[in-house]
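Student:
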């Protein structure tokens, strides 16, 4: 019985244990089911929230995509966040209305800034070296468009609302028109564009105007000036010994009044001329040929242009017009030289504008006043210097002065008058011949030649009482009469001073 009882007991224990395990497994199953259901519900809710958030994000982004300044939206849960810039309160209201219509959204959190409205909507650009700009731009896209012409100045423009339709096109055209100008200003106020400035020449002005072509009528006003009008550089230079030089017209590029005056040896040239900036460059070098002659000229007029240089010259009688003409022709001038007795009365004074020397009118000639100290030594040296450099020539066998003698007499006359009037000296004009022919005839010829020289000097204002003529014939030769060269040297005029 006891074994059986024990076996029954073991069976009962085993049965109880099995039943407990079953109950535990059932409980665990129910727990797992509950947990699974909870997890599945949570997962479903999470997935639904993500879908709703994505839907709201896409709808909000779409609603803001048409904003003028690219407003940014982002979504947290079902809340829509809004940041950025709107052009006006009207745009802000419209944007809020669009976002308000987004399904599933909860609240709209806005951090947008409404741009201030600018009236009038202005832009000022100055070109005077580097560009400078101040004013407003309606959008960042407009800023980028203007930066192409404004260089680094576009970054400093203020973003504002209020730009009228067509403003950007006017701004771009005005900036483009400044490009060809040397300097200028562009002012844009709403749809009124004003352009002022200076262009190098007609081509540059035309390029500036072309940049404004096609803009609406009545929107543009401009005032452009030219640094060079494009006309040929032609100028006229007038010179008078008593008045100096004056100039009119237009100088070629590279040449100015100061350069021309220095080349001619003049202290200044009067006149108001412009120097060209277009075309071929020129310099004053052709005028250098005139410098050594200008002090011998009574008047001249030069007309110079791209094609030719014309010179009309008036000189005193007995001047070396042929020499001047040859010098100017070699420098490329077409030259006309005439001689004319200048106006004046003996004793009149003037200062020669070219040489800077005082001149005295003597017998129909303006002659330089000597600058040396009057006295026997100085007067003798001055007369000897003149006669050492040139001879008083006569027509062969006569007392008729050769035309070349006029220059020598003109050089002697102011010396003779100066020494007689300043130092009270007297001069002998000695005439000499060679030993050819009859000595008596030679003596008479030398006397007549001395008298001829004296008459010319007196005619030029030398006091008659201060000079006398003496013929010496073939006396006192200075060279050998056996040679032609020696005889030529013995045929001479000599000035001898005394108290």
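In the numbering used here, the protein residues as written are 60 to 558.
Ideal Cβ positions, reconstructed from N, Cα and C, are used throughout, including at glycine.
(1) Mind checking whether the beta-carbon of residue 388 lies closer than 8 angstroms to any heavy atom of the ligand MN?
(2) Out of 543, 191, 137 and 391, point me to the one whose CA is closest to residue 107's CA.
(3) To the nearest angstrom, report how far apart residue 459 and residue 509 are at their CA atoms.
(4) Since residue 348 contacts residue 386 with CB under 8 angstroms, what's their CB separation in whole angstroms?
(5) Confirm, please, whether the CB-CB distance from residue 139 to residue 119 is below 9 angstroms.
(6) For residue 417, which three-state DSSP category applies?
(7) Is it right to say residue 207 is buried, meaning 16 or more other beta carbons lie within 10 angstroms of its own, or is it exposed?
(8) Does the beta-carbon of residue 513 have 16 or more other beta-carbons within 10 angstroms, so that it is buried, or is it exposed?
(9) Exposed or buried, what is residue 267 when buried is set at 16 or more other beta-carbons lying within 10 Å of its beta-carbon?
(10) Please determine if the stretch 308-328 and the stretch 371-388 are in contact, where contact requires at least 3 C-beta pairs separated by less than 8 angstroms.
(11) For a minimum of 3 consecutive residues, which ranges assigned as the beta strand (DSSP E) are wholly contained in the stretch 362-396?
(12) Please report how far the alpha carbon of residue 394 lies from the alpha carbon of residue 318, in whole angstroms.
(13) Mapping DSSP to helix, strand and coil, what is residue 114?
(14) Output the boundary residues of the alpha helix (DSSP H) element that contains residue 352.
(15) Quick one: what does DSSP say residue 145 is sitting in, helix, strand or coil?
(16) Buried or exposed: where does residue 516 fall if 16 or more other Cβ atoms within 10 Å of its Cβ makes it buried?
(17) Residue range of the beta strand (DSSP E) that residue 135 falls in?
(18) Taking its Cβ as the centre, do 16 or more other Cβ atoms sit within 10 Å of residue 535, making it buried, or is it exposed?
(19) How many angstroms separate the CA atom of residue 346 from the CA atom of residue 322?
(20) Roughly how many angstroms lie between the CA atoms of residue 128 and residue 220, to the nearest whole one?
(21) Between residue 190 and residue 209, which are expected to be in contact by the criterion C-beta below 8 angstroms, what is the C-beta distance as a whole number of angstroms?
(22) Only counting runs of 3 or more residues, tell me where the beta strand (DSSP E) segments fall wholly within the stretch 202-284, in order along the chain.
(23) By Cβ distance, which residues of its chain are closer than 7 angstroms to residue 235, with the 5 residues on each side in sequence left out?
(24) Under DSSP, the alpha helix (DSSP H) around residue 512 begins and ends at which residues?
Tutor: Quick look at the numbers:
(1) Judged by which ligands are present, the structure shown has none, so any question about the ligand MN falls away.
(2) In the chain shown, residue 107 corresponds to position 48, counting from 1. With distances taken between Cα atoms, residue 107 lies closest to 137.
(3) Residue mapping note: residue 459 aligns to position 400 of the chain shown, counting from 1. Residue mapping note: residue 509 aligns to position 450 of the chain shown, counting from 1. Roughly 11 angstroms separates the two Cα atoms.
(4) As a working mapping, residue 348 is identified with position 289 in the chain shown. As a working mapping, residue 386 is identified with position 327 in the chain shown. That belief holds up - the Cβ atoms of residue 348 and residue 386 are roughly 5 angstroms apart, short of 8 angstroms.
(5) Stepping through the chain shown from its first residue, residue 119 is reached at position 60. Stepping through the chain shown from its first residue, residue 139 is reached at position 80. Cβ distance < 9 angstroms, so residue 119 and residue 139 count as in contact.
(6) Taking the chain shown and counting its residues from 1, one reaches residue 417 at position 358. DSSP places residue 417 in strand when its eight states are reduced to three.
(7) For the purposes of this step, residue 207 is taken as the residue at position 148 of the chain shown. Exposed, by the Cβ-count rule.
(8) Indexing the chain shown from 1 puts residue 513 at position 454. Buried is the call here.
(9) Counting from 1 along the chain shown, the entry for residue 267 is found at position 208. Under this definition residue 267 is a buried residue.
(10) no
(11) 368-374
(12) Residue numbering aside, residue 394 sits at position 335 when the chain shown is read from its first letter. Residue numbering aside, residue 318 sits at position 259 when the chain shown is read from its first letter. If I take the Cα positions, the gap works out to 22 angstroms.
(13) Here residue 114 refers to the residue found at position 55 of the chain shown. If DSSP states are grouped into helix, strand and coil, residue 114 belongs with the helices.
(14) For the purposes of this step, residue 352 is identified with residue 293 of the chain shown, where counting begins at 1. Run containing residue 352: none; DSSP gives neither H nor E here.
(15) For the purposes of this step, residue 145 is taken as residue 86 along the chain shown, with counting starting at 1. Strand at residue 145.
(16) Taking the first residue of the chain shown as 1, we reach residue 516 at position 457. Burial call: buried.
(17) Here residue 135 is taken as the residue at index 76 of the chain shown, counted from 1. Element bounds for residue 135: 131-135.
(18) Residue 535 sits at position 476 when you count from the first residue of the chain shown. The residue is exposed, with fewer than 16 neighbouring Cβ atoms inside 10 Å.
(19) Residue mapping note: residue 346 aligns to position 287 of the chain shown, counting from 1. Residue mapping note: residue 322 aligns to position 263 of the chain shown, counting from 1. Taking the straight line from one Cα to the other gives about 7 angstroms.
(20) For the purposes of this step, residue 128 is identified with residue 69 of the chain shown, where counting begins at 1. For the purposes of this step, residue 220 is identified with residue 161 of the chain shown, where counting begins at 1. So the two alpha carbons sit approximately 11 angstroms from each other.
(21) Numbered from its first residue, the chain shown carries residue 190 at position 131. Numbered from its first residue, the chain shown carries residue 209 at position 150. Indeed they touch by this definition, with Cβ atoms about 6 angstroms apart.
(22) 242-248 and 251-258
(23) One-based indexing of the chain shown puts residue 235 at position 176. 208 and 270, listed in sequence order.
(24) To locate residue 512, count along the chain shown from 1; it is residue 453. 498-518 is the span of the alpha helix (DSSP H), which, as asked, contains residue 512.
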